[in-house]
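In our numbering, the protein residues as written are 418 to 684.
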């Protein structure tokens, strides 16, 4: 099992983007921890900002559909602080925990009655001193509870994930800054040739995050929220919340209107 964990550490080290980081985890973590379901949820700044405002989330993720083995805890801050004592512990202490570490025996069932979530363990992904995601694991009621060895392994795994994610995001930020400087330089040369309407639409498009632009592209291809979530390794509800933010940013109220505004040719 130790070899399996070190192999996972190596895959994490070799990841060049967040998608590869997710794949490295979900392809290995289930076997190592002998869990029935698991998920890596990464929070972005826009999502964190919106979670404090949106009210239509499921406070108890145990009620969510678990048709896929890769599950994610939605709206981390609200779930942790309002409906999940294990998540609250992780979020407040920046340390991994399982239900028996936080609660008295049998008390977890008061929060979650699902048989396939009889035992849960969660660990924090930390960047710049704050929780930016969690790695979540569950076992069914016929499996053994998580123990101190599982907790130690998850702690090590979260340490590697946190360090790699910080490196990836720092590299992405530097790349975006370089591209922005190059774009600004080019735009100064050709600015007089760009119409006011074109500049307006460019601003609207640039207001979307890279993930939101991905979602917009998939919407333009006619994919449903569920299909988009499957392709991007996020939940259907994550897609729904992202679309709400995008509608507000672009000042639209329908998917077709959003696609037209983002992808229509500008003169």
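Heads up, the beta-carbon is just placed ideally off N, CA and C, and yes, glycines get one too.
As the structure is a computational prediction, the values presented were derived from the model and not from experiment.
For residue 504, the enclosing alpha helix (DSSP H) covers residues 502 to 510.
DSSP links residue 534 through a beta bridge to no other residue. Under the three-state reduction of DSSP output, residue 626 falls in the coil class, being neither helix nor strand. DSSP assignment within the region 541 to 595 yields the following whole beta strand (DSSP E) runs of 3 residues or more, N-terminal first: 547 to 556. Straight through space, the alpha carbons of residue 677 and residue 632 are spaced by roughly 14 Å. With a 10 Å radius around the Cβ and a threshold of 16 neighbouring Cβ atoms, residue 535 comes out buried. The alpha-carbon of residue 451 is positioned some 8 Å away from that of residue 556. In the three-state scheme derived from DSSP, where H, G and I count as helix and E and B as strand, residue 514 is classed as strand. The criterion of a C-beta distance shorter than 8 Å is satisfied by residue 542 and residue 552. Per the coordinates, the alpha-carbon of residue 565 lies some 16 Å from the alpha-carbon of residue 521. Residue 561 and residue 516 have their C-alpha atoms some 12 Å from each other. One thing to note: residue 457 has its Cβ within 8 Å of the Cβ of residue 443. Excluding five sequence positions before and after residue 459, the CB atoms of its chain that fall closer than 6 Å to its own CB belong to 550, given in chain order. The secondary-structure analysis by DSSP pairs residue 457 across a beta bridge with 552.
Here the alpha carbon of residue 642 sits roughly 6 Å from the alpha carbon of residue 656. Residue 646 counts as buried, since at least 16 other C-beta atoms from the protein chains shown sit within 10 angstroms of its C-beta.
Membership of residue 649 in the alpha helix (DSSP H) is indicated by the continuous run 642 to 649.
In the DSSP annotation of this structure, the continuous segment of the alpha helix (DSSP H) that includes residue 447 starts and ends at 446 to 450. The beta carbons of residue 666 and residue 624 sit closer together than 8 Å. In the DSSP secondary-structure assignment, residue 539 is bridged to 514, 553. Your pair residue 438 and residue 432 checks out as a contact, with CB atoms roughly 4 Å apart and the cut at 8 Å. Sequence-distant partners of residue 637 (beyond 5 residues in either direction) whose C-beta falls short of 7 Å from its own C-beta, in its chain, are 676, 680.
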